[in-house]
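Asker:
2 protein chains.
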Amino acid sequence: MFPEIHLRLPDWVGSFCEEWSAPFVEIDDRAQFVIELARANVARGTGGPFAAAIFDYERKTLVAPGVNLVLSASCSAAHAEVVAIMIAQQIMGTHDLGAEGIPMLELVSSTEPCAMCMGALPWSGVPRLVCSARGEDAIAIGFDEGAKPQQWQHELEQRGIAVARDVCREEATAVLRDYAQGGGLIYNGRSRNS
Amino acid sequence: MFPEIHLRLPDWVGSFCEEWSAPFVEIDDRAQFVIELARANVARGTGGPFAAAIFDYERKTLVAPGVNLVLSASCSAAHAEVVAIMIAQQIMGTHDLGAEGIPMLELVSSTEPCAMCMGALPWSGVPRLVCSARGEDAIAIGFDEGAKPQQWQHELEQRGIAVARDVCREEATAVLRDYAQGGGLIYNGRSRNS
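Chains as they are written, first to last, in my numbering: chain U, 3 to 196; chain X, 3 to 196.
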C-alpha cells in the first residue's frame, strides 16, 4: 500500500573502496579518502559534492562509506553522513554504534554536518566526528546548512562526541568550489533565502 | 560489498490506514490519526511512541504515514517524521516535496521534531508542520530532543514552513506517558546525561 525505502550506494563505490591503497592510519589519510569519495561522487554524476565514512578507530579500517544520494534516490535525508551511519548500523546490527561490544567508531565527513546530520549524530551513538570543509564553505557555494545551534560542537561534546574540525579543509573546499564552478545543482529545499 | 538500506512500515500500518474511517478535514482530525498511529506502534510492539503522517492539505487526504522504526530497522535516523517524508518522496518521485506540481503537503507529528527531524524539514521541502506533544513532554519521560535552536519554530518559519503547535497535546502526551509507565525502552544514543 505504501512504498518501501531502498537506499543503495552507487555501483562504483565498492570498487573505489577496494582500489584505495593508501592507509587509514593518520587522521589526514581518512579525511583524504572521504574528500576523494566526494569528488568521485560528482565526477560519476551520482550526487552532490559530499561524502562521509565510518572507520574503525582502533584498527584503522573502513567500515562504511557514504555519499550524498539526495538526487539519485529522491530522498532529502540521504546526506552522506546519514547514509554512512545507516550502512554501519546494518553491518553492526544495531541502531546504537556506541553500544557495548561495538568497536570505537569515527565518522569522517567531507563537510561539517548540516543541522539534520548534527541532530542525527547523538542518536547514532558514534563517539567521534572528524570534519574537513566548514559549514561556511558549503554556504559560500549556496547550500543552506540549516538552523544549527551556534555552539554545535560544544553540544556534541556535551553528549560525549569528540569533534575535530578543519582536517584537510583546503582540499575539501576545493571539491565544493569545483562543483559550483562546474554548474552543479544547489538542491536546497526551503532555504532562508528562497 | 556494502549492505543496502531497506526501510518498510510494519505490516499492520496499511490496514490501520484503510480501516481509519474518520475524516481528515480538521487539523484535530489529522492529529488524532497520528496520535492513534503512535499508540498502535507501541501496542503492536513495532517501535517507540512516535508517529507522523504527510497529508495532502488541499484534498485532506493521507499521503504517507510514518512510525518510528529505530529499533525494528536498527536505524537511528528512522524517526517517524523522516520515515513519512521518505515515503512521500518515493510516492511523489522527488526529493523536494515543495516543488512545482506537488500538491500542498502538511507533516503532522505526534511530538515536536527532535534536532535531527527539525533539520530534515527544510531539506524535505514540506511547507507545513503540525505538532501535538511538545519536546518537553518527550524530555519528561527521558528522551533527549537534541540540540535544537531555542527559536526553532522561528527558524522553520524563516524557511517558509508554517508551524502549528499543541494540537491535541494532551492526547499525544498521554501516549508518551503510557509508554514510559509500561516500561518502554528509552533508546537515546548519546544524551546529555549519559
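Beta carbons: idealized from backbone N, C-alpha and C, even for Gly.
Mind checking which residues open and close the alpha helix (DSSP H) that includes Leu-158(X)?
Answerer: 154-160
Asker: On the CB-based measure, 16 or more other CB atoms within 10 Å of its CB, does Ser-112(X) come out buried or exposed?
Answerer: buried
Asker: When you compare the stretch 128-144 of chain X with the stretch 98-118 of chain X, are there three or more beta-carbon pairs, one atom per stretch, that lie closer than 8 Å?
Answerer: yes
Asker: Out of curiosity, what's the CA-to-CA distance linking Leu-73(X) and Gly-127(U)?
Answerer: 13 Å
Asker: Determine which residues of the stretch 30-52 of chain U have a Cβ less than 8 Å from any Cβ of chain X, and write them out in chain order.
Answerer: none
Asker: By DSSP, does Asp-58(U) sit in helix, in strand, or in coil?
Answerer: strand
Asker: For Ser-17(X), list the residues DSSP reports as bridge partners.
Answerer: According to DSSP, Ser-17(X) bridges with nothing at all.
Asker: Which chain U residues are close to Gln-91(X), counting only those with a beta carbon under 8 Å from its beta carbon?
Answerer: Ser-76, Cys-77 and Ser-78
Asker: Could you please give me the residues that DSSP links to Arg-167(U) through a beta bridge?
Answerer: The partner list for Arg-167(U) (beta bridge, DSSP) is empty, contrary to what the question assumes.
Asker: Which residues in the same chain as Cys-170(X) place their Cβ atom closer than 7 Å to its Cβ, once the five residues preceding and following it in sequence are excluded?
Answerer: The residues Asp-30, Ala-33, Gln-34, Ile-37 and Ser-134, in chain order, have a CB closer than 7 Å to that of Cys-170(X) in the same chain once the five nearest residues on each side in sequence are set aside.
Asker: Would you call the stretch 145-165 of chain X and the stretch 143-161 of chain U in contact, with 3 or more CB pairs under 8 Å?
Answerer: A contact exists between the stretch 145-165 of chain X and the stretch 143-161 of chain U.
Asker: Of all the alpha helix (DSSP H) runs that stay within the bounds of the stretch 72-114 of chain U, which reach a length of 4 or more residues?
Answerer: List check, alpha helix (DSSP H) in window: 82-94.
Asker: What is the DSSP secondary structure of Gly-148(U), counted as helix, strand or coil?
Answerer: coil
Asker: So Glu-90(X) packs on Ala-66(X), CB below 8 Å; how close in whole Å?
Answerer: In the sequence on display, residue 90(X) carries Ala and not Glu. Confirmed, Cβ separation roughly 4 Å.
Asker: Classify Ala-101(U): buried if its beta carbon has 16 or more other beta carbons within 10 angstroms, exposed otherwise.
Answerer: exposed
Asker: List the residues of chain X that Ser-112(U) touches, going by C-beta distances under 8 Å, in chain order.
Answerer: Simply none; closest approach about 17 Å.
Asker: Can you tell which of Val-177(U), Pro-51(U), Ala-182(U) and Thr-63(U) has its C-alpha closest to the C-alpha of Asn-70(U)?
Answerer: Pro-51(U)
Asker: Measuring CB to CB, does Gly-121(X) end up less than 8 Å from Ala-117(U)?
Answerer: yes
Asker: For Ile-214(U), which three-state DSSP category applies?
Answerer: Residue 214(U) is absent from the model: chain U starts at 3 and stops at 196.
Asker: Less than 8 Å between CB atoms is the rule here; does Gly-95(U) satisfy it with respect to chain X?
Answerer: yes
Asker: Do the CB positions of Ala-82(U) and Gly-144(U) come within less than 8 Å of each other?
Answerer: Not closer than 8 Å, so no.
Asker: Kindly identify the DSSP beta-bridge partner or partners of Ala-66(U).
Answerer: Paired residues: Ile-56(U).
Asker: Does DSSP put Val-128(U) in a helix, in a strand, or in coil?
Answerer: coil
Asker: Leaving aside the five residues before and after Trp-22(U) along the sequence, list all residues of the same chain whose C-beta is less than 7 Å from its C-beta, in chain order.
Answerer: Phe-35
Asker: Start and end of the alpha helix (DSSP H) containing Ile-29(U)?
Answerer: Membership of Ile-29(U) in the alpha helix (DSSP H) is indicated by the continuous run 29-45.
Asker: Residues of chain X with a CB under 7 Å from the CB of Val-72(U): which are they?
Answerer: Taking the beta carbon of Val-72(U) as reference, the chain X residues within 7 Å of it are His-97, listed in sequence order.
Asker: Going along chain X in order, which residues have a C-beta closer than 8 Å to the C-beta of Val-84(U)?
Answerer: Simply Ala-79.
Asker: List, in chain order, every chain X residue whose beta-carbon is nearer than 7 Å to that of Pro-151(U).
Answerer: Ala-149 and Pro-151
Asker: Starting from Ala-24(U), follow its DSSP beta bridges and name the residues at the other end.
Answerer: Looking at the DSSP assignment, Ala-24(U) forms no beta bridge with any residue, so it has no partner.
Asker: How about Met-106(U): is its C-beta nearer than 8 Å to some C-beta of chain B?
Answerer: Structure shown: chain B not included; protein chains present are U and X.
Asker: Please name the residue in Ser-78(U), Arg-41(U) and Pro-105(U) whose C-alpha comes closest to that of Glu-173(U).
Answerer: Arg-41(U)
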